[in-house]
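Scroll down for the structure; my scribbles are underneath it.
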Amino acid sequence: MDMDLVQVAEEALAELKEGLEAAGITLPSVRLDPVSAAGNYPRPLIDLGRCNPATARELAAALKGDRLRGRVRELNRTSQQTFR
């Protein structure tokens with residue numbers, strides 16, 4: 015069962031890398047933290063690593079954009095329900 019946690023973390027890491035790539039963002043040190051994934055009772059963490067300020071701003075803008083798109087979708091659904 016604990017190995018399942020590592021597999022889930024690896025899958026999440028792959029999804030994160032895909033999302034970052036789609037947004038044009040490179041975090042060169044993003045990886046599965048080896049210490050948290052080791053041992054008899056692993057509790058794997060994803061290490062986002064370090065980045066320069068320009069990359070941090072790109073990441074922030076991408077996250078804000080996703081939030082904004084999500085909010086617009088939510089408002090659209092609400093307005094459609096109101097006018098039915």
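Quick note on this note's numbering: the sequence shown kicks off at 15 and runs consecutively.
All C-beta atoms, glycine included, are put in the ideal place defined by N, C-alpha and C.
Given that a residue counts as buried once 16 or more other Cβ atoms are within 10 Å of its Cβ, and exposed if not, what is Pro67? Taking the sequence shown and counting its residues from 1, one reaches residue 67 at position 53. So Pro67 counts as exposed.
Using a beta-carbon distance below 8 Å, is Ala37 in contact with chain D? Going by chain labels, chain D is absent from the structure shown, which holds only one protein chain.
Work out the CA separation of Arg87 and Val20 for me, nearest whole Å. Taking the first residue of the sequence shown as 1, we reach residue 20 at position 6. Taking the first residue of the sequence shown as 1, we reach residue 87 at position 73. C-alpha separation (whole angstroms): 33 Å.
Would you tell me roughly how many angstroms separate the C-alpha atoms of Val22 and Cys65, rounded to the nearest one? Against the sequence shown, residue 22 aligns to sequence position 8. Against the sequence shown, residue 65 aligns to sequence position 51. So the alpha carbons of these two residues sit roughly 25 Å apart.
Local conformation of Arg45 per DSSP, three classes: Position 31 of the sequence shown, counted from the start, is the residue given in the question as residue 45. Looking at Arg45 - three-state DSSP - the assignment turns out to be strand.
Using only CA atoms, which one of Ala75, Ala37, Asp61 and Gly53 lies nearest to Asp47? Residue numbering aside, residue 47 sits at position 33 when the sequence shown is read from its first letter. Ranking the options by Cα distance to Asp47, first place goes to Asp61.
So who's on the other strand from Ile60, going by DSSP bridges? What you label residue 60 is simply residue 46 of the sequence shown in a count that begins at 1. Answer is Leu46.
Taking all protein chains shown into account, decide if Pro58 is buried (16 or more other Cβ within 10 angstroms of its Cβ) or exposed. Here residue 58 corresponds to residue number 44 of the sequence shown, with the count starting at 1. When all chains shown are included, Pro58 counts as buried.
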